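Peer 1: Residue numbers (the numbering used here): 4 to 271. Okay, here's the structure, questions in a sec.
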Amino acid sequence: MTFIDSHAHLCDPAFDTDREQTIARVLAAGVSHFIEIACQVDEWNGGLALAEKYPAHCAAVLGIHPEFARTYTPQAHARLTQLLKDPHAVAVGEIGLDYVYLHESDKDTQIHVLEQMLQLANDVQKPIVLHVRREGEDYEPYERTFDMLRHLWKPSKSLKKPGVLHCFSAGYDTAKEALDLGLLLGINGCFTYKKNEYIREAVKKAGVDKLILETDCPYLSPQGKRGTRNDPSNIPLIGQWVADYLDIPVEKLAEITTQNTLDLYGLK
Ligand SMILES: [Zn+2]
């Protein structure tokens, strides 16, 4: 039984003192791959370097997180366009809209950068990793993102799975719109938190075939480990929570989510 962490930030300074030891622990825990998300300008080289260092276990996703949209210059755009041609760069992300960070990058800036990211994904024919976060009960960032996808996103038919809505944390109506667009749902520690029954219900309704697992480390440690640094060795624990809730054997969940992640990122 092997698992994959479809969304990690191991280049985060939180791992500066023990990155290699952490990765050794991750592999020993039965997590065969960790996908590194490099989502601001000064993370791209590090993300690619990690993928080059662990080619059998790691790949990089490059893009601009909405929080950092204001830092996206024409020079950065030219560089990202080049870097995305690297075979170690397997997707564009994480990209989207985040209304918690409007003080960092305003709505228009976030929207403009998301348009550019979708255009890039079309051009390089690689899948997308979406990050959408609402402030309170206002689902407008989801509506707007899905609307932009419907109008601007042209995923290549050659992609087995064209994208994922990472850190899924909404109800079934939102899940359904994502699934209709061909997106997978990225499930992490949020699924395990007591107050999040609505997420669990939506995930159950979506079905195991639509899921992949992620940590979003160093953030969002699963229940029981909250307050400590998260890392990809927690994926089997998250998988066990999901399998228990869906009432299926964890081996089956591991098999399906692993294959979905390999299909998404075009890995073998
Ligand atoms: Zn992330």
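Note that CB positions come from ideal geometry on N, CA and C, so glycine has one too. Just so it is clear, the structure is predicted and the values come from calculations on it, not from any experiment.
Considering only residues of the stretch 134-180, which uninterrupted alpha helix (DSSP H) runs meet the minimum length of 4 residues and lie entirely inside it, listed in chain order?
Peer 2: DSSP runs (the alpha helix (DSSP H)) wholly in the stretch 134-180: 143-155.
Peer 1: Based on Cα-Cα distance, which residue from 70, 60, 124, 177 lies nearest to residue 294?
Peer 2: Residue 294 falls outside the range modelled here, since the chain spans only 4 to 271, and no answer is possible.
Peer 1: Using three-state DSSP, classify residue 10 as helix, strand or coil.
Peer 2: Of the three classes helix, strand and coil, the one that applies to residue 10 here is strand, per DSSP.
Peer 1: Compare the C-alpha of residue 137 against each of 92, 209, 212, 104 and name the closest.
Peer 2: Checking every option, the nearest Cα to that of residue 137 belongs to 104.
Peer 1: Do residue 269 and residue 93 have their C-beta atoms within less than 8 Å of each other?
Peer 2: Yes.
Peer 1: Can you tell me whether residue 40 sits near ligand 1, meaning its C-beta is under 7 Å from at least one heavy atom of the ligand?
Peer 2: Yes, the beta carbon of residue 40 sits closer than 7 Å to at least one heavy atom of ligand 1.
Peer 1: At what residues does the beta strand (DSSP E) containing residue 258 begin and finish?
Peer 2: Counting along the chain, residue 258 falls outside any beta strand (DSSP E), though it belongs to the alpha helix (DSSP H) covering 253-268.
Peer 1: Between the stretch 40-47 and the stretch 241-260, do at least 3 Cβ pairs fall closer than 8 Å?
Peer 2: No: fewer than three Cβ pairs fall under 8 Å.
Peer 1: Could you tell me the boundaries of the beta strand (DSSP E) in which residue 3 lies?
Peer 2: It is not possible to answer for residue 3, since the shown part of the chain is limited to 4 through 271.
Peer 1: By the 10 Å Cβ neighbour count, where 16 or more other Cβ atoms means buried, how is residue 234 classified, buried or exposed?
Peer 2: Per the 10 Å Cβ criterion, buried.
Peer 1: Residue 223: which of 164, 6, 171, 22 sits nearest, CA to CA?
Peer 2: The shortest C-alpha separation from residue 223 is found at 171.
Peer 1: Do the stretch 139-158 and the stretch 10-29 touch if we need at least three Cβ pairs shorter than 8 Å?
Peer 2: No: the two stretches stay apart, fewer than three of their Cβ pairs being nearer than 8 Å.
Peer 1: Are residue 206 and residue 188 close, meaning C-beta to C-beta below 8 Å?
Peer 2: Yes.
Peer 1: My assumption, with CB atoms under 8 Å, is that residue 152 sits in contact with residue 127. Please give the rounded CB distance.
Peer 2: Between residue 127 and residue 152 the Cβ distance is about 17 Å, and since that is not below 8 Å, they are no contact.
Peer 1: Over the uninterrupted beta strand (DSSP E) stretch that includes residue 97, give me the two end residues.
Peer 2: Here the beta strand (DSSP E) through residue 97 covers 92-101.
Peer 1: With DSSP run on the structure shown, which of helix, strand or coil describes residue 114?
Peer 2: Of the three classes helix, strand and coil, the one that applies to residue 114 here is helix, per DSSP.
Peer 1: Under DSSP, the beta strand (DSSP E) around residue 190 begins and ends at which residues?
Peer 2: Taken as a continuous stretch (DSSP letters only), the beta strand (DSSP E) holding residue 190 covers 186-190.
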